[in-house]
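J.:
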Amino acid sequence: MSLALSDLLLLVVEPSSMQQKALSALLRARGVQHIVTAKTGNEAFTLLQSQTPDLVLSSFYLDDMTGSDLVRGMRREDALAHVPFVLVSSETRFEPLDPIRQAGVIALIDKRAPEQGLDEALAATLEYLQPSRIDLGNIDSEDVVIGLADDSRMARRHMLRTLNALGFERIHCVEDGAQAQQLIAEQNLDILITDLHMPNVDGEALCRWVRNESAQNSIPILAVTSDTDQQRLDSVMQAGANHVCTKPFDINHLCQLLPQLLK
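With full-length UniProt numbering applied, the sequence shown corresponds to residues 1 to 263, in that order.
1. Touching or not, the segment 131-151 and the segment 174-189, by the rule of three or more beta carbon pairs under 8 Å?
2. Looking at aspartate 63: is its Cβ nearer than 8 Å to the Cβ of proline 131?
3. Take the Cβ of proline 114 as the centre, count every other Cβ of all protein chains shown within 10 Å, and call the residue buried at 16 or more, exposed below.
4. Assuming contact is defined by CB atoms lying nearer than 8 Å, are alanine 223 and threonine 194 in contact in what I supplied?
5. Spell out the partners DSSP gives phenylalanine 85 in its beta bridges.
6. Can you give me the Cβ contacts of leucine 262 inside the same chain, cut-off strictly under 8 Å, excluding the 5 residues immediately before and after it?
7. Return helix, strand or coil for alanine 38, following the three-state DSSP convention.
8. Between which two residues does the alpha helix (DSSP H) carrying leucine 23 extend?
9. Using C-beta distances below 8 Å, list every residue in its chain close to valine 32, excluding the 5 sequence neighbours before and after it, in chain order.
10. So, under 8 Å CB-CB, aspartate 65 and glycine 41 are touching, yes? Tell me the CB distance rounded to an integer number of Å.
11. Could you have a look at histidine 172 and say whether DSSP puts it in helix, strand or coil?
12. Under 7 Å: does the beta carbon of aspartate 140 sit that close to some heavy atom of the ligand HEM?
13. Identify the continuous beta strand (DSSP E) that holds histidine 243 and give its terminal residues.
14. Does DSSP classify aspartate 250 as helix, strand or coil?
15. Which runs of the beta strand (DSSP E), 3 residues or longer, sit entirely within the segment 79-163?
16. Thinking alanine 177 and alanine 205 are a contact (beta carbons under 8 Å), I'd like their distance in whole angstroms, please.
17. Rounding to the nearest angstrom, what Cα-Cα distance links methionine 188 and glutamate 169 in this structure?
18. Could you pull the start and end residues of the alpha helix (DSSP H) that isoleucine 184 belongs to?
19. Pick helix, strand or coil for valine 224, following the three-state DSSP scheme.
20. In angstroms with no decimal places, state the Cα-to-Cα distance between aspartate 234 and aspartate 202.
21. Leucine 192 lies in the beta strand (DSSP E); which residues open and close that run?
22. Could you tell me the alpha carbon to alpha carbon distance between glycine 104 and alanine 124, rounded to whole angstroms?
23. CA-CA distance, lysine 247 and phenylalanine 94?
24. What's the call for alanine 215, buried or exposed, on a 16-neighbour Cβ count within 10 Å?
25. One question on the structure: do glycine 117 and glutamate 142 come within less than 8 Å of each other, judged by their Cβ atoms?
26. When burial is assigned at 16 or more other CB atoms within 10 Å of the CB, is threonine 92 buried or exposed?
27. In whole angstroms, what separates the C-alpha of histidine 243 from that of serine 17?
28. In chain order, what residues of the same chain lie with their CB nearer than 8 Å to the CB of proline 99, ignoring the 5 residues before and after it?
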């Protein structure tokens, strides 16, 4: 039986009573029936210890911590590491948002105009909670060998959970581009998924190495990054990436993209 929004329990973390009520009203208008609220990060953690929600929506600036602190704290606890997280904020700067993207979130919603982003975030949450096995045609997802390179442990875990949910099992995780080079030299891969900002050898240099020096120079490369600088993204494509996804990535987009790359 498919999950519906009416089945979900949502935790809304928002210090403003007025904005808390406004966001809850938007959620109820979309069919969400079960909502609990918190005004601070510590209050949210207390609630999370007693009941695990299906989704957490949080403001960035809380009285006692930031939304980044909240999601990173959740990711450090096994019981909460899998819980989808949506940030609702007017913050747009790269520096404060990057740790949240790296922690693995469903969506970032603009607090000034949340309606459209909320619809997309709720749809992505349902897909995340009950993912369909990906259709690869004649290819069995269990046979696909994936290399996953990301220096962020939280980002690796989030991507690993997503790939496992889609039916992929043979996933080799490494922490930087240098380890990815060693993996590619030792293991035949069907696809490489790499972050861009990594120590030793970054994602762009890794793409260039694969295309120019690796024995697996035709392997599909999917770059996943929190970087939004279009010049940098274009440079990565020129270095040899087949596609670039920005964090947070849409699981539906991933389902459409991976079959194309694995053809």
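Note that beta-carbon positions come from the ideal geometry of N, C-alpha and C, so glycine has one too.
T.: Quick look at the numbers:
1. yes
2. no
3. buried
4. yes
5. Val56
6. Leu136, Ile139, Val144, Asp190, Ile191, Pro220
7. strand
8. 17-29
9. Leu5, Ser6, Leu8, Leu10, Leu122
10. Just to set this straight, residue 65 is methionine in the shown sequence, not aspartate. Confirmed, about 4 Å.
11. strand
12. Annotation note on the ligand HEM: not contained in the displayed structure, which lists no ligands.
13. 243-246
14. coil
15. 85-89, 107-110, 145-149
16. The sequence as given places glycine at residue 177; alanine does not occur at that position. Sure, about 6 Å apart at Cβ, within 8 Å.
17. As written in the sequence, residue 188 is asparagine, which differs from the methionine given in the question. Their backbone Cα atoms lie some 15 Å apart in a straight line.
18. 177-186
19. strand
20. 15 Å
21. 191-194
22. 13 Å
23. 12 Å
24. exposed
25. no
26. exposed
27. 42 Å
28. Ser68, Arg72
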